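Numbering (mature numbering (1 follows the signal peptide of the UniProt record, and there is no 0)), first residue to last: -18 to -1, 1 to 264.
The structure is reproduced here in structure tokens:
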């Protein structure tokens, strides 16, 4: 047998073997197939098993101590950013507080330049829903250890989401779950559409800063949450179902972008609001 023929035969055998050993993974897009983390909540199970989640307690230092310069900085930032509550940026912060779907799917639609929804982009929508769970759960080792008091409780002030205050007061402030979620979403979307990296990361940063504007998180909570979000995305890349869903979402985004669509007035207003408030953010 000629060398070329032998090489071709080996290559063909390897390809056939790979197809046999590694069948194509099709990630589910149906919420019913994925299942809820807790029945009746609408929160879907994540991609990661509990033992696979990043260890936020090992990753993060303790929150700023009483009387420390870091806590003083947190208090100063709180007083500065909560002044934005009765502005368009404050209205955005209220919108960002809502993690329920389908509303939450639209948070990055303007930054991405396409509509995100279960109907228009089912794989992308599922990525957001399931990674919300992974990123949020990854914060709880540190949350449960430190049980840090939230700023609106410590400083006896209101928040931009008064209906949530009773529940939030019982939930540790450090690190911020919203920040972990928003930053993980921004990183994933940047990987899927690197040419829109700047605007996506700006939106992710604004999403996390919304928690300080609302008065429900300290700035150090937010920064710690971003770290946990980044760690979660890094860990997710070892999950085959996540990777399959990323590939499918990338194809959805490419198709939607090819179809095109003019920027809406709401998207122009969002960009202007973020730009106007960026000088106020630490």
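Every residue gets a Cβ at the ideal spot worked out from N, C-alpha and C, and that includes glycine.
Fair warning: this is a prediction, and the values are worked out from it, not measured in the lab.
Hey, could you find the ends of the alpha helix (DSSP H) residue i is sitting in?
i: residue 12; result: Looking at the DSSP string, residue 12 is not in any alpha helix (DSSP H), and its letter there is neither H nor E.
i: residue 129; result: Counting along the chain, residue 129 falls outside any alpha helix (DSSP H), and DSSP gives it neither H nor E.
i: residue 62; result: 51 to 63
i: residue 77; result: 70 to 78
i: residue 39; result: 38 to 41
i: residue 252; result: 247 to 259
Excluding sequence positions up to five away, which residues of its chain have a Cβ less than 6 Å from the Cβ of residue i?
i: residue 273; result: Because the chain spans -18 through 264 in this model, residue 273 falls outside it and cannot be assessed.
i: residue 293; result: With the chain covering -18 to 264 only, the question about residue 293 has no answer from this structure.
i: residue 166; result: 113, 117, 211, 214 and 215
i: residue 164; result: 186, 189 and 190
With a threshold of 8 Å on Cβ separation, who are the neighbours of residue i within its own chain once the five nearest residues in sequence on each side are excluded?
i: residue 67; result: 75, 142, 195, 196 and 197
i: residue 59; result: 194, 200, 201 and 264
Indicate whether residue i and residue j have their beta-carbon atoms separated by less than 8 Å.
i: residue 157; j: residue 236; result: no
i: residue 11; j: residue 226; result: no
i: residue 14; j: residue 202; result: no
i: residue 90; j: residue 171; result: yes
i: residue 200; j: residue 259; result: no
Kindly list the residues whose CB is nearer than 7 Å to the CB of residue i, restricted to its own chain and excluding five residues on each side of it in sequence; keep chain order.
i: residue 45; result: 128, 130, 156 and 202
i: residue 72; result: 66, 142 and 195
Exercise for review: Indicate whether the contact test is met: 3 or more Cβ pairs, each with one atom in the segment 30 to 49 and one in the segment 136 to 145, closer than 8 Å.
Suggested key: no
Exercise for review: Run through the segment 187 to 222 for me and flag every whole alpha helix (DSSP H) of 4 or more residues, listed as ranges in chain order.
Suggested key: 201 to 218
Review point. Is there contact here, the segment 82 to 97 with the segment 213 to 223, by at least three beta-carbon pairs under 8 Å?
Key: no
Check your understanding: Does the count of Cβ pairs from the segment 107 to 115 and the segment 19 to 27 closer than 8 Å reach three?
Key -> yes
Exercise for review: Scan the segment 112 to 181 and note each continuous beta strand (DSSP E) run of 3 residues or more that stays entirely inside, going in chain order.
Suggested key: none
Practice item. Examine the Cβ distances between the segment 120 to 132 and the segment 176 to 188 and report whether three or more of them are shorter than 8 Å. Key: no
Review point. At which residue ranges does the segment 80 to 110 contain complete alpha helix (DSSP H) runs of 4 or more residues, listed in the order of the chain?
Key: 91 to 94
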